[in-house]
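Per my numbering, residue 207 is the first one in the sequence shown, and the count goes up by one each step.
By construction, the Cβ of each residue, glycine as well, lies at the ideal position given by its N, Cα and C atoms.
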Amino acid sequence: MESSIPLFKNKTYVKLFLASSISIYGDWFDILAISVLVAYGWNTDPALIGLIPVCFALPGIVFGSFAGVLADRCRKVNLMMASDFISAILTGLLALADHIYWVLPLLFLRSTIGLISSPAAQALTRHVVSEDQLLKATSYNQIVNNSGKIVGPLLGAFIVSVFSPQICIMINAVSSLVSGLILFTMRHIKENEKSTQEKDDQEKASFTGAWKEGWTFVSKNRFILNTIFFAFFGMMGIQLVDFQFPVLLRSVNMEDPVVFGMLMSTTGVGSIITIAWMNRFKKFQYGWAIGGGLSLIGIGFAGAGFITEGMSLWLPALFGLLVGLGNGLWMVSFNFALQKQSPKEMVGRVFGITNSLLSIVVIIAPITGGILVQTLGASTIIKTSGFIVCGIGLIGVILGKWLWKQEAASQRIQIPVYKETGL
207 MESSIPLFKN
217 KTYVKLFLAS
227 SISIYGDWFD
237 ILAISVLVAY
247 GWNTDPALIG
257 LIPVCFALPG
267 IVFGSFAGVL
277 ADRCRKVNLM
287 MASDFISAIL
297 TGLLALADHI
307 YWVLPLLFLR
317 STIGLISSPA
327 AQALTRHVVS
337 EDQLLKATSY
347 NQIVNNSGKI
357 VGPLLGAFIV
367 SVFSPQICIM
377 INAVSSLVSG
387 LILFTMRHIK
397 ENEKSTQEKD
407 DQEKASFTGA
417 WKEGWTFVSK
427 NRFILNTIFF
437 AFFGMMGIQL
447 VDFQFPVLLR
457 SVNMEDPVVF
467 GMLMSTTGVG
477 SIITIAWMNR
487 FKKFQYGWAI
497 GGGLSLIGIG
507 FAGAGFITEG
517 MSLWLPALFG
527 LLVGLGNGLW
537 MVSFNFALQK
547 QSPKEMVGRV
557 FGITNSLLSI
567 VVIIAPITGG
577 ILVQTLGAST
587 IIKTSGFIVC
597 GIGLIGVILG
607 KWLWKQEAAS
617 QRIQIPVYKE
627 TGL
């Protein structure tokens, strides 16, 4: 792809971006609806709520690295398209569930089918976007994800209040279907040009061999390994309480879905502000970006732990904004670091392995958090989690040049400058 072609004149990227955007917006309707349904509608206890992220994560632990191999070896568009169509069916069944014991297995199945989408999308982006536009593409993807946090929860809260959570879930089913239809129009694109020798080598390589090759690459690349493990410990603190905020709001008599929707929306606003701000800089240090982002998330979490009954709503909104500012900084720099330091033919496997390792966190932390919240209370555990995440972030800031040693020569990663300002 020629670097002189503007990103949004790249027709392949535009279709990929549009399909991902529609799917992401639907996901945020779904997330809010499920949270409201189980926490408020069914008054589910915290321990069972803690199993929801487990159902999202368990497939990643078992199949994540294999999904990355598929993303590198198979046609990525076809994988993503099949994932969307099957997810639409499972989401429709989810809307019919009348108890959390139906919700959990359906979420597990949908997460298993959807597992291929992330590494396939990351790998396809790496192929269809030029090197100098990679950060910009990553930023746009994160802007969509976080604008979804704004629009999805606000509209979702309105729909839940006026209609029902099931309507929000059906919106996600339709969005998956539409995303799959857009990808269907891309089924004939040439994803990557390979020499005859490269094709022969790939055909000879076994699936298991490719899987081992991915793990070997990650284990021997100190930069990527440190990035993944730093994210592992940061995510451990975040996921400890990430699904317990409805429980916190319920404990202080803020059960109105609009309050929870506002908290999620301000998080999205903060993320978009940070992403737009990052695009103004020529360069950044990974230690400050990844570590600083986690520190802001920790401060926002700790502040949210101090929410009390009768408190003005602008304070929860402020804490959500801080979490969003940190999330935008952390997610863009983390995803860009993995894409930038991975060869094109390895991107799918690197992200698949990353998803697999981070999914371990989403199994252990929410269950632990659910038990702790049940025992010690949501406020105490959310505050403690915030302090832990902030501390981990500060370690990243202080030890950044050692953790991401590859940048020691120049001390910074060079980033292309874009003429556009703001969003």
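With a 10 Å radius around the Cβ and a threshold of 16 neighbouring Cβ atoms, residue 228 comes out buried. Judged by beta-carbon spacing, residue 579 lies beyond the 7 angstroms limit of residue 465, meaning their Cβ atoms are not closer than that value. With respect to residue 364, residue 317 sits apart: the two C-beta atoms are not nearer than 7 angstroms.
Secondary structure note for residue 414: its alpha helix (DSSP H) is the uninterrupted segment 413-426. The beta carbon of residue 481 sits closer than 6 angstroms to the beta carbons of 345, 348, 349, 534, 538 from its chain, once the five residues preceding and following it are set aside; these are given in chain order. Put simply, of 479, 215, 314 the residue whose alpha carbon is nearest the alpha carbon of residue 335 is 215. The Cβ atoms of residue 382 and residue 294 sit closer than 7 angstroms to each other. The Cβ-Cβ distance between residue 500 and residue 536 falls below 7 angstroms. Ranking 259, 523, 271 by CA distance to the CA of residue 306 puts 259 first. Shortest Cα-Cα distance from residue 436 to any of 232, 256, 274, 608 involves 608. Per DSSP, residue 284 is one residue of the alpha helix (DSSP H) stretching across 282-301. Between residue 252 and residue 547 the beta-carbon gap is near 39 angstroms, outside 8 angstroms, which marks them as no contact.
Within the same chain, Cβ atoms closer than 6 angstroms to the Cβ of residue 235 are found at 358, 362, 374, 377, 378, the five residues on either side in sequence being excluded. Secondary structure at residue 512: coil, using DSSP grouped into helix, strand and coil. A Cβ-Cβ separation of about 6 angstroms places residue 527 in contact with residue 475 under the 8 angstroms criterion.
In this structure, DSSP gives residue 450 a state outside helix and strand, which the three-state scheme calls coil. By a beta-carbon distance limit of 8 angstroms, residue 506 does not contact residue 599. Their separation comes to about 11 angstroms. According to the DSSP assignment, residue 546 belongs to the alpha helix (DSSP H) that extends over 520-546. About 16 angstroms separates the beta carbons of residue 271 and residue 320, which is beyond the 8 angstroms limit, so they are not a contact pair.
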